[in-house]
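J.: Chains A and B are the protein sequences, given in the same order.
Residue numbering for the first sequence follows my numbering, beginning at 161 and increasing consecutively.
Residue numbering for the second sequence follows my numbering, beginning at 994 and increasing consecutively.
What follows is a single structure, and I will ask about it in a moment.
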Amino acid sequence: MLAARGLAVARGGRPVLEGLSFAVPPGGALVLRGPNGVGKTSLLRTLAGLAPPWAGTLQAPDAAYAGHLDGAKPALTVQENLLFWARLHGRPLDPSLLDAFALAPLRDRPAGTLSAGQGRRLALARLAATGRPLLLLDEPLAALDRASADRLLLWLRAHLAGGGLAVLAVHGDLALDAPALDLAPHAADPLGAEAAFL
Amino acid sequence: MRAVLLRDLRLSLRQGGGFGLSLAFFLLVVALVPFGAGPDLGPLAAVAPGILWVAAILATLLSLDRLWALDMEDGSLPLLATAPLPLESAALAKAAAHWLATGLPLALAAAPLGLLLGLPPAAMAPLALSLLLGTPALSLIGAFAAALVLGLRRGGPLLPLLLLPLYLPTLLLGAEAARRAAEGEPALAPFALLAAVTLLSAAAMPFAAAWAVRVNLR
């Protein structure tokens, strides 16, 4: 269960979003919408536990967060990269993951030689390898071709069907049956925050 | 913890940069000093332990800024910070990997290199011992300093300035222990204090480094 009440989120010591209340039950997903810079990434980082909530309460299960960067070591092979993240989370590497993200043919390629889309698939497979219930995906569809996006959705639906949760920040259309949360109305007023400080 | 240690070791071996560069730099400094200091071995032998220690510190500095920065640049740090492994343990594993890739080879190479500086054979074992005892502290303190400058765009140049005062106790004790042992004076006190510095660093620095990483990730 992911639940937030009156949550406010800060970036660089300034609140960017406030008054967020939502609940995502196991098996559910939430899609974050809003213009660039509204605070989607800041919210995802707070949900991941990387930054403390600015205000309000947050109850979140163990999460795995993927930012804009792929988080792969260029000198290690695809398999070694995935194996590391699985081991770090105390799990064996599920071989079907390589197939789910179409990485099996690239298994022994150093991650530094992958294309942008292939690197993105590795980044998403890395999250899957952690086995964490809550997935926080920041623009997961960026650089993915149509087939890869379909593959991701297929895997994501299976993850949700297994009782997992997901919060996604996306701009484009997403063929996923999930409620959307528009962040624009929740943007914190920077002047208001300043006035409160003074 | 083993996973982080093995990954960092594998990376430093595969990417060059860390492992090879530090050792090559160390060799270069120690090989060049006799040419700069002239042919008289007498005064050189007297300062040889000090020269080897200074060279070891400079060589360690060379690879320190990559300790956390690489993970920050490629985006693996957030996932590492939220992993079930406490970040403190990850910091300890990273410092250990850094030591195995730089400090240990330096300590092993120092004694034979001492020959170039006219170091008497009897002084080789104590010199290697002082480096073995002291270089772990360099990696541990360095892991903290490297985490501190993580948020800066060009943190690398700041690192030596930050580390200069932090490395002084290790350098003083290490060079003194090696010098005293080389000259046949009682050296138990500096060796014991050097070990104390390393143990204290091992106890405190992982926490300090993890704290600095968390602050920089916010």
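Note that the Cβ used here is the ideal one computed from N, Cα and C, for glycine as well.
When DSSP labels each residue in this structure, what does B:A1052 get in the three-state scheme?
T.: helix
J.: To the nearest angstrom, report how far apart B:S1005 and A:G166 are at their CA atoms.
T.: 46 Å
J.: Kindly indicate which residue of B:G1149, B:P1150, B:D1033 and B:L1133 has the alpha-carbon position closest to the one of B:H1091.
T.: B:L1133
J.: Look at A:L284 and A:L248 and say whether their C-beta atoms are less than 8 Å apart.
T.: no
J.: Closest to B:Y1160 by C-alpha separation, out of B:A1170, B:L1145, B:L1131 and B:A1188, would be which residue?
T.: B:L1131
J.: Taking the beta carbon of B:V1142 as the centre, do at least 16 other beta carbons fall within 10 Å, making it buried, or is it exposed?
T.: buried
J.: To be precise: take each residue of the segment 224-236 of chain A, compare its Cβ to all Cβ atoms of chain B, and keep it if any distance is under 9 Å. Which residues remain?
T.: A224, Y225, A226, G227, H228, L229, D230, G231, A232, K233, P234, A235 and L236
J.: Kindly indicate if chain B contains any beta-carbon less than 8 Å away from that of A:H319.
T.: no
J.: With a CB to CB cut of under 6 Å and the five nearest residues on each side skipped, what residues in its chain are close to A:A353?
T.: Low confidence applies to A:A353: its pLDDT is 49, below 50, so where it sits in the model is not reliable, and the reading given next is rough at best. Cβ within range, chain order: P175.
J.: Going by other Cβ atoms of all chains shown within 10 Å of its Cβ, with 16 needed for buried, is B:L1021 buried or exposed?
T.: exposed
J.: At the 8 Å Cβ level, is A:W245 part of the contact set with chain B, yes or no?
T.: yes
J.: So which residues of chain B does A:A208 contact, with C-beta pairs closer than 8 Å?
T.: P1071 and T1075
J.: Quick one: give me the first and last residue of the beta strand (DSSP E) that B:L1221 is part of.
T.: Nothing about residue 1221 of chain B can be read from this structure; chain B reaches only from 994 to 1211.
J.: To the nearest angstrom, report how far apart A:L258 and A:T290 are at their CA atoms.
T.: Rounded to the nearest angstrom, the two C-alpha atoms are 14 Å apart.
J.: Just checking: is the beta-carbon of A:L248 within a distance shorter than 8 Å of some beta-carbon in chain B?
T.: yes
J.: Where do the N-terminal and C-terminal ends of the alpha helix (DSSP H) with B:A1195 fall, by residue?
T.: L1181 to L1210
J.: Using the beta-carbon count (16 or more within 10 Å), is A:L358 buried or exposed?
T.: Annotation note: pLDDT 47 at A:L358 (below 50); position unreliable, coordinate value reported separately. Exposed.
J.: Have a look at the DSSP bridge pairing and note the partners of B:T1163.
T.: The partner list for B:T1163 (beta bridge, DSSP) is empty, contrary to what the question assumes.
J.: Checking the sheet assignment: what are the DSSP bridge partners for A:A219?
T.: A small fix is needed here, since residue 219 of chain A is Gln in this sequence, not Ala. Note: A:Q219 sits in a beta bridge opposite A:A163.
J.: Among A:L190, A:L204, A:L253 and A:G187, whose alpha-carbon lies nearest the alpha-carbon of B:T1075?
T.: A:L204
J.: Please list the partners that B:D1067 has in chain A, where partner means a Cβ-to-Cβ separation under 8 Å.
T.: Those within 8 Å of B:D1067 in chain A are L229, D230, G231, A232, K233 and P234.
J.: For a cutoff of 8 Å on Cβ pairs, would you count A:A262 as touching chain C?
T.: Among the protein chains in the structure shown, which are A and B, there is no chain C.
J.: Is there at least one Cβ from chain B nearer than 8 Å to A:A211's Cβ?
T.: yes
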